[in-house]
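Okay, so the sequence shown: first residue is 53 according to the numbering used here, each after it adds one. Read through the structure below, which is laid out as structure tokens, and then see the notes.
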Amino acid sequence: MRAEEKTSVKNSVGRMIFVVLSVLVQVIWLMVLVMRLNQYSAWISLGSSIAAFLVVLRIYGSQGNSAFKLPWIMLILVFPVMGLCLYALVGRSGVMSVLKRRYEEISGEYTKKLCQNQDVMRRMEALDLAAANQSRYIWNYGRYPVYQNTDVEFYKDAADGLEAQKEALLKAKSFIFMEYHAIEDGEAFEGIRKILVQKAKEGVEVRVFYDDVGSIGFINPEFIRKMEADGIQCRVFNPLIPFLHVFMNNRDHRKITVVDGIVGFTGGYNLANEYFNLTHPYGHWKDTGVKLTGDAVKNLTVMFLELWNSMKKTDSGYEAYVPKTEYMAGENGFVQPFGDTPLDGEPMGENVYMNVVKSAKKYVYFTTPYLIVSDEFNRELGLAAKRGVDVRIITPGIPDKKLVYKLTRSYYAGLVKAGVRIYEYTPGFLHAKQCVCDGETAVVGTINLDYRSLYLHFENAVLLQRCRAVSDIREDFDELFPVCREVTEKYRSKRSAVLKIGQCVLRLFAPLM
């Protein structure tokens with residue numbers, strides 16, 4: 053193991069700096085232009101004020117959480133020109149209409165092929181009506197069915213998940229799909245790359261898809277040329293461009309691997325060295341994942357094809373990637389992979405989490421690298437604790453982003469006051485995104501408890517009901533608590549006025565973090 057050495061990796065940091073500076077110059081130029089015009093024309097000044105007022109009305113009247121509306125309203129009213137420019141760049145949760153229509157068309161084309169087996173739903177209803185209602189919500193508003201006939205294996209260490217992925221990739225016979233927020237052309241990915249090259253030579257269709265911003269510190273455009281030279285199809289999601297672009301703020305945060313439409317992987321880890329503790333930029337890195345084998349992998353396949361074709365549509369069919377198999381699962385739990393998108397106005401990730409909290413009777417535990425939650429979510433956690441549910445949240449002990457860490461801690465006091473217990477993972481950085489409830493329900497995936505994951509990014513997770521893996525996830529929490537420091541009592545005491553003011557100011561910028 054070695055210390056972090058990102059400078060040794062060929063990356064596109066220079067390109068990112070150029071894009072950021074270019075956009076900053078455009079914002080400043082626009083602000084200066086409007087302010088100067090305001091000085092010369094009362095009509096232009098009046099027009100900008102009216103525009104600011106109309107945008108504020110639009111924000112106020114839109115669906116969403118007030119905690120994330122208020123910062124934009126205050127910023128635009130106090131600094132109209134700067135506020136409008138920033139909101140145009142990063143404040144809008146959707147994309148341009150053309151891109152949105154294209155995604156919705158592609159998404160509708162694929163999700164309509166997925167069907168909910170009503171026998172599965174009836175069996176859920178007979179066992180637990182609340183659980184069935186949760187799954188029905190995901191089906192009705194996301195079009196992702198719930199399945200049985202799926203085996204689930206939980207990996208409490210990302211390194212174990214990576215090894216399992218390699219084993220599955222080596223067995224691929226038809227196709228391999230891989231979609232990740234971040235890929236590093238380094239040691240961890242090299243083992244996968246060699247397998248992908250081998251499989252491509254054997255005639256297996258191999259596709260790799262990554263987010264430009266997520267991977268920009270790890271790889272450069274040469275990565276795509278190298279992969280395609282080896283027979284691997286490679287695409288980048290939402291490339292950074294040096295121009296004001298409202299779509300720039302929406303990133304692909306998903307982590308998906310699909311092998312032959314039968315085996316699938318997801319979880320919190322990306323394909324970069326730090327996720328597997330090959331480097332240690334923030335102490336010991338804690339991450340988790342799951343392997344699915346069986347019918348539920350269909351949902352992961354569809355998620356991949358949706359975003360892959362939203363960048364450039366090249367697939368005309370769907371059936372070839374959802375093969376009929378004779379696989380028989382060894383367990384009868386209910387498995388429901390689902391995706392979340394910033395395009396439909398339905399914060400599915402947050403709603404699924406809140407539904408889990410609402411249904412909790414004994415306990416509900418969360419791990420999250422960042423804690424920047426809405427008033428509604430905050431209230432649900434507090435209400436659960438007040439009615440006697442053991443509510444616990446684990447966050448990192450060593451931060452990867454110090455300012456965001458301060459913002460995360462600003463939410464502790466309010467939660468603690470309501471009875472929520474807060475822990476920090478002392479060995480290092482906790483990146484796992486998971487929750488477990490009453491020994492029957494769990495969620496594992498990519499969705500952080502923060503604004504960007506819940507409202508701005510493309511995300512995915514798996515809802516598990518009555519699966520054996522739920523017990524494994526609970527066991528993982530039981531092993532985590534002893535190596536964490538509980539900070540509940542520390543944040544029960546009163547904060548100084550200076551600290552309160554500083555935290556309030558930080559929260560104003562929560563939608564930007």
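Glycine included, each C-beta is placed from N, C-alpha and C at the ideal position. Note that the coordinates shown come from a computational prediction; the quantities given were computed from them, not determined experimentally.
What do you reckon, are the CB atoms on residue i and residue j nearer than 7 Å?
i      : j      : result
Pro389 : Asn361 : no
Asn500 : Thr393 : no
Ile474 : Val539 : yes
Val354 : Tyr162 : yes
Asn407 : Gln115 : no
Val256 : Ala224 : yes
Cys519 : Ala412 : no
Ile308 : Glu231 : yes
Tyr327 : Ala210 : yes
If you draw a straight line from the C-alpha of residue i to the C-alpha of residue j, how long is it?
i      : j      : result
Asn322 : Asp264 : 13 Å
Ile125 : Val107 : 8 Å
Arg537 : Asp237 : 35 Å
Asp502 : Val425 : 6 Å
Phe131 : Ser100 : 11 Å
Phe206 : Tyr543 : 33 Å
Ala437 : Val522 : 21 Å
Asp282 : Leu248 : 9 Å
Ala55  : Val172 : Caution applies to Ala55, whose pLDDT of 43 falls short of 50 and renders its modelled position unreliable; the model cannot decide the point.
Gly385 : Cys137 : 49 Å
Asp442 : Asn512 : 26 Å
Val387 : Val495 : 10 Å
Asn325 : Gly440 : 41 Å
Glu280 : Leu214 : 23 Å
Thr318 : Ile102 : 47 Å
Glu541 : Ala465 : 9 Å
Phe289 : Ala549 : 44 Å
Tyr262 : Phe241 : 13 Å
Thr498 : Arg306 : 6 Å
Lys458 : Tyr189 : 34 Å
Asn302 : Gly266 : 11 Å
Ala372 : Ser462 : 49 Å
Looking only at its chain, what residues have a beta carbon closer than 6 Å to the beta carbon of residue i, apart from the 5 residues adjacent to it on each side?
i      : result
Lys469 : none
Gly434 : Ala470
Thr345 : Asp203 and Val315
Leu506 : Pro399, Gly401 and Glu402
Glu177 : Ala184
Asn329 : Trp337
Phe229 : Arg259, Val310 and Phe356
Glu492 : Arg518
Gln285 : Arg259
Ala182 : Ser411
With residue i as the anchor, note down where its alpha helix (DSSP H) starts and where it stops.
i      : result
Ala437 : Asp427 to Lys438
Pro132 : Pro132 to Leu138
Glu177 : Gln170 to Leu179
Glu371 : That residue, Glu371, is in no alpha helix (DSSP H); it is neither H nor E in DSSP.
Ile24  : What the structure shows of the chain is the stretch from 53 to 565, and residue 24 is not part of that stretch, so it cannot be assessed.
Gln217 : Ala210 to Leu222
Leu357 : Val349 to Met363
Lys410 : Met400 to Ser411
Phe270 : Premise fails: Phe270 is in no alpha helix (DSSP H) and is neither H nor E.
Arg277 : Glu274 to Ala281
Val472 : From DSSP, Val472 is part of no alpha helix (DSSP H); its letter is neither H nor E.
Thr460 : Lys454 to Arg461
Quick one: what's residue i bridged to in DSSP?
i      : result
Thr493 : Cys489 and Gln517
Gly316 : Val310 and Leu344
Asn512 : Gly391
Cys536 : Tyr477
Pro333 : Gly335
Asp304 : Phe510
Leu482 : Lys338
Val416 : Val443 and Cys489
Provide the residue span of the beta strand (DSSP E) that contains residue i, from first to last.
i      : result
Val288 : Gln285 to Phe289
Pro389 : Phe386 to Asp392
Leu423 : Run containing Leu423: none; DSSP gives neither H nor E here.
Val258 : Glu257 to Asp263
Tyr379 : Segment: none, Tyr379 is in no beta strand (DSSP E) and carries neither H nor E.
Asp203 : Thr202 to Tyr207
Val443 : Asp442 to Pro448
Phe227 : Phe227 to Tyr232
Counting only the same chain and skipping the five closest in sequence on each side, list residues whose C-beta sits under 7 Å from that of residue i.
i      : result
Gly146 : The predicted position of Gly146 is uncertain, since its pLDDT is 47 and thus under 50; a value taken from the coordinates is nonetheless stated next. Same-chain partners within the cutoff: Lys152, Pro394 and Leu395.
Ser545 : none
Lys121 : Ile111 and Tyr112
Ile128 : Ala104, Val107, Val108, Gly135, Leu136 and Tyr139
Leu222 : Ile247
Excluding the 5 residues preceding and the 5 following residue i in the sequence, name in chain order all residues of the same chain whose CB lies nearer than 8 Å to its CB.
i      : result
Gly480 : His332, Tyr334, Gly335, His336, Trp337, Lys338, Pro448, Gly449 and Ile450
Val535 : Tyr477, Thr478 and Pro479
Met380 : Asn201
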